[in-house]
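Protein sequences appear in the order of chains A and G. Read left to right, the first sequence gives residues 1 to 116 (my numbering). Read left to right, the second sequence gives residues 1 to 116 (my numbering). Think of the CB as a built atom: it goes at the ideal place given N, C-alpha and C, for glycine as much as any other residue. Note that this is a predicted model, so its numbers are computed, not measured. Take a look at the structure below.
Number of protein chains: 2
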Amino acid sequence: MRSETLKGHLDALILSVVSIGPLHGYAIIEQLRLRSGGAMTLPEGTVYPALHRLEAAGLLSSYWSQTAGRRRRVYELTRRGERELGTRRAEWREFAHAVEAVLSPAEPSGPTAVPA
Amino acid sequence: MRSETLKGHLDALILSVVSIGPLHGYAIIEQLRLRSGGAMTLPEGTVYPALHRLEAAGLLSSYWSQTAGRRRRVYELTRRGERELGTRRAEWREFAHAVEAVLSPAEPSGPTAVPA
DNA sequence: CTTGACACCTAGCATTCCTATGCCTAGGAT
DNA sequence: ATCCTAGGCATAGGAATGCTAGGTGTCAAG
């Protein structure tokens with residue numbers, strides 16, 4: 001998948017997987033891969049900065065957890081994050097429909113192509 | 001529509017409208033707006049550089065036309081542009097499905113969530 | 001003669017994602 | 001003992017893209 005393809009949609013994807021339950025960064029990467037059927041195998045250098053960005057924006061909160069000698073930073077949605085997720089999902093749908101409309105082959109469309 | 005949303009998909013959209021028939025820049029902007037139902041009202045500063053980029057990449061070719069004292073640069077798809085459009089449409093579909101899969105609410109998914 | 005639609009162009013900015021690299025632990029293989 | 005792999009986090013720097021904001025010019029309507 002071309003790397004620019006993802007741009008602007010990563011935040012929604014992360015918020016969505018975290019909305020299911022608190023997750024740490026590495027697990028988020030794993031979930032994105034699993035749920036996308038392998039299509040989204042994101043490098044850490046993409047996801048970690050995004051998490052920091054989302055936390056700075058107040059959409060995620062985090063805490064450290066210690067498990068078997070391994071430290072993990074666990075993220076969960078804030079109230080604002082939940083609301084934002086709703087907005088983003090709606091925006092995605094709108095965007096996807098718009099792209100679909102433009103991308104699907106169609107007959108030439110003059111100025112009169114959109115009926116009043 | 002959030003501006004980052006479009007990133008990485010503009011080329012496909014432009015190729016798609018031009019594939020219907022030769023169009024000049026301004027008309028391309030108009031077609032994108034019409035076909036997207038108004039969702040994509042792109043500023044010229046977005047589209048013109050993109051057209052130059054696509055021409056430089058060999059996906060579009062152009063020529064000047066004079067109509068009623070108005071000069072227009074008309075673009076049409078090259079062979080490579082047609083092929084590229086096909087690729088991009090396929091990529092869009094793959095991407096859209098992947099996002100849909102991640103974005104749609106689902107039950108918690110453990111390591112066993114993907115059956116062999 | 002001013003406004004608005006038509007039509008093109010570019011510089012510079014902001015944002016985003018990726019590559020590359022570094023650091024650390026645990027557990028199995030050699 | 002040593003190495004490798006998986007797990008786990010982090011950052012710097014580069015590349016790409018779209019937008020803002022500005023500029024040029026024609027033509028028709030008021």
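Quick test of your reading: residue i and residue j, contact by CB under 8 Å. State the CB separation rounded to the nearest angstrom.
| i | j | result |
| --- | --- | --- |
| residue 34 of chain G | residue 60 of chain G | Rounded, the Cβ-Cβ distance is 20 Å, inconsistent with contact. |
| residue 132 of chain A | residue 96 of chain G | Absent from the structure is residue 132 of chain A, since the part of chain A shown begins at 1 and ends at 116. |
| residue 15 of chain A | residue 84 of chain A | 6 Å |
| residue 25 of chain G | residue 73 of chain G | 6 Å |
Spell out the partners DSSP gives residue i in its beta bridges.
| i | result |
| --- | --- |
| residue 67 of chain G | G:70 |
| residue 36 of chain A | The partner list for residue 36 of chain A (beta bridge, DSSP) is empty, contrary to what the question assumes. |
| residue 24 of chain G | G:74 |
From the DSSP output, in three-state form, read off residue i for me.
| i | result |
| --- | --- |
| residue 48 of chain A | helix |
| residue 3 of chain A | helix |
| residue 59 of chain A | coil |
| residue 97 of chain A | helix |
| residue 16 of chain G | helix |
| residue 85 of chain A | helix |
| residue 42 of chain A | coil |
Anyone know if the C-beta pair for residue i and residue j falls short of 8 Å?
| i | j | result |
| --- | --- | --- |
| residue 62 of chain G | residue 55 of chain G | yes |
| residue 2 of chain G | residue 8 of chain A | yes |
| residue 13 of chain A | residue 103 of chain G | yes |
| residue 101 of chain G | residue 69 of chain A | no |
| residue 44 of chain A | residue 28 of chain A | no |
| residue 10 of chain A | residue 50 of chain A | yes |
| residue 90 of chain A | residue 94 of chain G | no |
| residue 47 of chain G | residue 31 of chain G | no |
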